[in-house]
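Chains as they are written, first to last, in this note's numbering: chain Y, 36 to 424; chain C, 5 to 592; chain A, 89 to 381. Note that the Cβ used here is the ideal one computed from N, Cα and C, for glycine as well. Right, one structure below, let's go through it.
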Amino acid sequence: MKQLLQGNYAVAEAVRLARVQLVAAYPITPQTPIYEKLSDMELEGKLTGVMMRTESEHSAMAACIAASLTGVRTFTATASQGLALMHEMLHFASGNRVPIVMCNVNRVVAVPWAFGSDQSDSLSQRDTGWLQFYCEDAQEALDTVIQAYKIAEQSLFPVIVAIDGFFTSHFMEPIEIPDQATVDAFLPPFSIPTRFNVEDPAFISNVVSPEQYMVYRERSFADMEKTRPIIREANREYQDIVGRGYEVVEAVNTDGAEIVLVTSGAMTSTARVAIESLRAKGYKAGLLKIKAFRPFPAEEVQEALKSVPKVAVLDRNISLGKEGIFCHELKSALYPLERRPTVTGYIAGICGADVSPEMIEDMVVEALKRDKPTDLPVWVRRETWLQKK
Amino acid sequence: MSHRTIRIEDIEPIIPFSRGTTEIFFTGHWSSKKPVYAEKTSPCRGGCPIGNDIARAFSAASLGNYDEALRIYRQDNPLPGVCGRVCYHPCESECNRKEFDEAINIRGFERYLADHGKVDVKHETPARTRKEKVAVIGSGPAGLSAAYHLARLGYPVTILEALPEAGGMLRYGIPEYRLPKEILRREIGYIEQLGAQIMTGVRVGKDIAFAELRNSYQAVFIAVGAHQGMRLGVEGEDLPGVMEGIQFLRSVNLGEKVKVGKKVAVVGGGNTAIDCARTARRIGAKEVTIIYRRSRREMPALPEDVAAVEREGIKIDLLASPKRLLSESGRLSGIECLRMALGDADESGRPQPTPVARSEFVVPLDTVIAAIGQAPDVKFLNDLGLRLSRRGVIEISPESTATNIEGIFAGGDSAGVRAFVADAIASGKMGALAIHCYLERKNVGEEFQSHQIGDRRSFSFQSFMDPDGYAVDLKRIVPYEKINTLCFSHGTRTNDSDALTPKQSIKGFKEVAQGIDPSQMTAEINRCFKCGTCTDCDLCFLLCPDISLVKTGKKGYTVKMDYCKGCSICATSCPRNVIEIGSTGASK
Amino acid sequence: MATKEIETEKEYMRSGHMGCPGCGLASTIRLVMKVLGKNTIVVMIPSCVGPISANYPNSVFEVPCFHSAFEIAAPTAAGIANALKVQGRDDIIPVAFAGDGGTFDIGLQSLSGAADRDDNFIYICLDNEAYMNTGIQSSSSTPQNVWTMTTPGGRQGKKKKFMQIIAAHRMPYAATASFGHPHDLMAKVKRAKEIKGTRFIHTLTPCPTGWRMSEDLSAKSAMLAVETKIFPLYEIIDGTEYRITHEPQGLPVSEYTKMQGRYRHFTDEDVARLQRQVDEDWEHLVAQTKGIC
């Protein structure tokens, strides 16, 4: 039976079902409902773990790292400035190889001050060594959080589960909440031994030489590569037990497509409508949803686009001095292909600005006309789009 | 799906997991400087004529071991119960603590030990008995001390005492209220238990010939004291009612019925004068006046004894000197005195008193006690064939206490030693060493120097007995600057308290002073710096940043040379200057 | 405070560390560890504890230790404490060692948060009055007018009265301590060990290198700081109940300043000002012990 829930609450339900032992958090819009819901759950005795109400996101992450090292399952949630404040600790978490799961509710980073959805906050944490999954809707968020624990604890890497602020976080959606037994069947209790064993003491994470540092980095790089099968396996198992699943990329009608639109996060749902409409109009248009940003699913992307002549990438983020970040990552993933498609990047929906199916249709049609790739993205705002019309 | 169980072995390679020890780094190579534990000598010990190991005794007591503290005292001094009561405590004058607040009540501590500690004579008894026999003439502090130390060295010793009981001046010169006979008997008893034989009522030259002594004993120590009172040398001295101080005290101490008048004057400023005045007060005098020719500062008596005199209502007339004794119908009626003025220092170092012209005044009285000094029985000494000095005392070599006759040694008052108990004990101790060296054909000067305390006239008997086992640098006396006073808190000295009020005390001869209140003893022991003595306080051990000092299990600490960086915190911080910095020469 | 019973032979810190000769901080850690014992998890952060605790693959401690980040000594210890609570291992005590920079400056916020939650750990501030590990830069614990590499003309700011900040958090137990008074220090650690909640001990840890003095003087300078009342030894229970644990001798502050090169430029006037400040602070502290303030 489904329940009507906002995405933030769906995430909180996932945290409960994952039997998280320690939650450390600090409030920030639009993450606060997660924090509040977990507090309710704690009061109701539904959350078995400890809640640490820290004085900052930085300390929340510090506490999660420390607790995880001590051998308990941890969770935190944040957004925007909060994630930026955590930045140092994100490196610290992955360097310590602790399986923390964090939900980041995507929000623009000031300045200017604003609160709408934008992936730049989490995408700018690209090189901190965390796995990053971008969810299309609340159901996927719930399922991904539960899966993330399995992945994190098998790979010893922390995981960010990103959802779009206000769209996914606050929209009410009918959600299928698995029962506890089902989740327990998928996710065993936390079993990573403590790093602080008083019977067998060691000094953890002390200073290393340059040579040793590089050894650890190389090892981490190799281990990150090994997360690919772990992610795949976790999803397959989840699908078997729970009945739902999400690949690192989802290709819709890409076979024989003359153009494929690449999306991530909540905008994918809008894009699905646009692509349906274009196909009804006779365009051979396909859709590629990218869920995993780290590790980047390069092989999967290549496989989906190797025979496609044209690609349009829709980014709700921007890297100044370059382009949309997904577009940029996608282009580099396509580089080994013998016949590379012509890729056009579109920047839209920044700060949660409106992106309608019609706007997306026009982007795809425009991209189809292009014969040469461009480094510079095309900015699409409702106002300019209307003027063009 | 295959669920991989993560084990600690899986984690160890992926993040720095350090299980090694820093002990592989021999930081001791950083410096050649290393601490050296070197126990030194406390200034109080330097000040003590006997050379009592005071700081070490305080250290033992601070750990609650009073018996051990007493044992330490008895290494040098057989009469701590006596000294703890009547000593002039020169130790306290040199106490480092006086620079910080007040000197420690060292004498009170010694008394406390003697009164409360247990003596284990059996343990002190030497393993073997030597064949050479030694005779000691006189059982005063010098004779007792000589006999005690000789007995400890294994010599069969015989003390010959002319009076009915042993103790000399301690028995017959010091009144009961200052030194109870019981205390003296107990300490003499220990000397006897140690093997010294005491024969009382035996006068050499009368009951036994000196020549016979010389035949039966391989060495003789003469310490017959100075029992002849000096005369005032003024007109009227032979009047009835004029007494001589030391004779007066002896008579009272012998239990004879001695009568004094209502008004008594005692002439003199030493302890004999003080004792005469207090004794006179106790046997019936209503008004007692001490007449002394210099000022209070020059009085040889101890300030605390002078104060006790005044508490008991005795007057002190200073800067007064008797000119003649007055009589009425053949009976003593008064003393005419001259006022004195102080001039330049005389040979004793004290200002010379000179009479003020026409300053005569009369003190009416019916008894005069002259207590202006004592001298040995010159005739007796001459009869023995001893060479005497111009002062009428036995001439001895200051280094060896040897007299002009081979095998005959002398000490105490009869040899002109300073007339204090501690000095007499010291001279007896020196005599024992000299006799031992004489019998062993050793150089006494060299022996003395090896165990000499600083550059003083005292030496450590313990060091002499056990030179290898007694690791104390006797030559280095710890100055105040070397004490880390930051380790101590200011406190008030605990003085001896009186058991009796002055009113009660003059009613009889019960001991007046009761020493340090036992409830205050710990505080006084803790006040003591214990200069130069390792008390196992652990400060060095606890301060060491390199964990390079290890407790040895018994006493003291050893240095882990492999790790000590030579920072010298331990030496600089040592409260009592035990640690210093040496060099291993092993620096890279 | 008699602590003879805790002075066991057992050490939980090893020799062979890279602390400078005469390091007061090393001694302090060692004394703390002696009392805390085996069931302890050490949290350290960038500070002089770094070189002392050793590089990979060695450790100076015989207990687990974690090298955390600069500003998070408290939340790291708090995270461990809460995890231990979940695991039912309240018998293990996390102890955070942080310098004055990591406490007065960059770690103040996170310490405040942890203290407010009363998370169950002991925090030891090792105050050497500047960023010594990075080479003597001024912190908000550096006394006024004192020389450091970043205050070559003397520091403008006044040293924070940090214990007042701590008291404001109403922690169950807070104390000042000095390795120059090791028995007092160990007794305080022992007392802290027996209490639950966030416990804070502010230790003054002289640094011969940074204080510009001979290395043998570190313990003596620690003692002098106490005896001049510059660093009085006291406890605060529940943020309100003050108790002085050692009556200082009340030596003039010049005894302390003259031994250290960082005060070399002090004029008589500077010393007099410091003396006035110290006297005022002491009076205030005494008033606090009487509940007047």
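On the three-state DSSP scale, how would you describe residue i?
| i | result |
| --- | --- |
| Y/D350 | strand |
| A/E335 | coil |
| A/F354 | coil |
| C/R343 | strand |
| C/S591 | Note that C/S591 scores 37 on pLDDT, short of 50, meaning its location in the model is unreliable and no value can be drawn from it. |
| Y/S129 | helix |
| A/R205 | helix |
| Y/D15 | This structure does not reach residue 15 of chain Y, given that chain Y is present from 36 up to 424, and the question cannot be answered. |
| A/E323 | strand |
| A/H155 | strand |
| Y/R142 | coil |
| C/D502 | strand |
| Y/D178 | helix |
| A/F149 | strand |
| C/L392 | strand |
| C/H455 | coil |
| C/Y152 | helix |
By Cβ distance below 7 Å, which residues in the same chain neighbour residue i in space, the five residues on each side in sequence not counted?
| i | result |
| --- | --- |
| C/A406 | I400, F413, A438 |
| C/G536 | E43, K44, T45, S46, A59, V482, R580, N581, V582 |
| C/M234 | I376, G377, Q378, A379 |
| C/K122 | D71 |
Between the C-alpha atoms of residue i and residue j, what's the straight-line distance to the nearest angstrom?
| i | j | result |
| --- | --- | --- |
| C/N488 | C/T576 | 8 Å |
| Y/E485 | Y/S240 | Because residue 485 of chain Y is not part of the residues shown, which for chain Y are 36 to 424, the question remains open. |
| Y/D406 | Y/S226 | 54 Å |
| C/T498 | A/M251 | 38 Å |
| C/I481 | C/E186 | 36 Å |
| A/D193 | A/T264 | 18 Å |
| A/Q337 | A/E371 | 15 Å |
| Y/T105 | Y/P228 | 8 Å |
| A/V130 | A/V183 | 5 Å |
| C/A503 | C/E180 | 14 Å |
| Y/P34 | A/E150 | Residue 34 of chain Y is absent from the structure shown; chain Y starts at 36 and stops at 424. |
| C/D348 | C/T358 | 10 Å |
| A/H155 | A/D179 | 22 Å |
| C/L342 | C/S363 | 5 Å |
| C/L236 | C/L154 | 40 Å |
Apart from the five residues just before and just after residue i, which ones in its own chain have a Cβ nearer than 6 Å to its Cβ?
| i | result |
| --- | --- |
| Y/D178 | R279 |
| Y/W420 | M394 |
Residues in the same chain with beta-carbon distance under 8 Å from residue i, minus the five sequence neighbours each way, listed in chain order, please.
| i | result |
| --- | --- |
| C/S66 | I529, N530, C532, K534, T539 |
Is residue i close to the ligand HEM? I mean its beta-carbon at under 7 Å from any heavy atom of the ligand.
| i | result |
| --- | --- |
| Y/L349 | No copy of the ligand HEM occurs in the structure displayed, which carries no ligand at all. |
Item to check | Where the region 10-23 of chain C meets chain Y: residues whose CB sits under 9 Å from a CB there | outcome: The residues in question are I10, R11, I12, D14, I15, E16, P17, I18, I19, P20, F21, S22, R23.
Checklist entry - Which residues, in chain order, does the region 112-124 of chain Y contribute to contact with chain A at a C-beta distance below 9 Å? => result Answer in chain order: E123, M124.
Item to check | chain A contacts made by the region 245-259 of chain Y, where a contact means CB separation under 8 Å | outcome: Hits within the stretch, in order: Q247.
Next on the checklist: Please list, in chain order, the residues of the region 574-589 of chain C that have any C-beta partner in chain A closer than 9 Å.
Outcome noted: Correct list: C574, A575, T576, S577, I585.
Item to check | Contacting positions in the region 164-193 of chain Y - beta carbon closer than 8 Å to chain C | outcome: Cβ contacts with chain C come from E188, Q189, L191.
Item to check | Every unbroken alpha helix (DSSP H) inside the region 220-306 of chain Y [4 residues or more] | outcome: The region 220-306 of chain Y contains these whole alpha helix (DSSP H) runs: 245-260, 262-277.
Next on the checklist: Could you tell me which whole beta strand (DSSP E) segments of length 3 or greater appear in the region 515-565 of chain C?
Outcome noted: Within the region 515-565 of chain C, the complete beta strand (DSSP E) runs of at least 3 residues are 553-555, 561-563.
Checklist entry - Taking the runs of the alpha helix (DSSP H) that are 4 residues or longer, which of them lie wholly in the region 201-269 of chain C? => result Entirely contained in the region 201-269 of chain C, the alpha helix (DSSP H) runs reaching 4 residues are, in chain order, 214-220, 249-257.
Checklist entry - What are the residues of the region 167-195 of chain A that lie near chain Y, defined by any Cβ-Cβ distance shorter than 7 Å? => result Flagged, chain order: G167, I168, N170, A171, L172, K173, V174, Q175, I180.
Checklist entry - What are the start and end residues of each continuous alpha helix (DSSP H) run of 4 or more residues lying completely inside the region 168-248 of chain A, in chain order? => result The DSSP assignment places 196-205 as complete runs of the alpha helix (DSSP H) inside the region 168-248 of chain A, in order along the chain (cut-off: 4 residues).
Item to check | Complete runs of the alpha helix (DSSP H) confined to the region 298-353 of chain C [at least 4 residues] | outcome: Whole alpha helix (DSSP H) segments, 4+ residues: 307-315.
Item to check | Residues from the region 262-282 of chain A in contact with chain C, defined by Cβ distance under 7 Å | outcome: Answer set for the region 262-282 of chain A: F267, P270.
Next on the checklist: Residues of the region 477-504 of chain C in Cβ contact with chain A at a cutoff of 9 Å, in chain order, please.
Outcome noted: Listed by position, the residues of the region 477-504 of chain C near chain A (Cβ gap below 9 Å) are N488, T489, L490, C491, F492, S493, H494.
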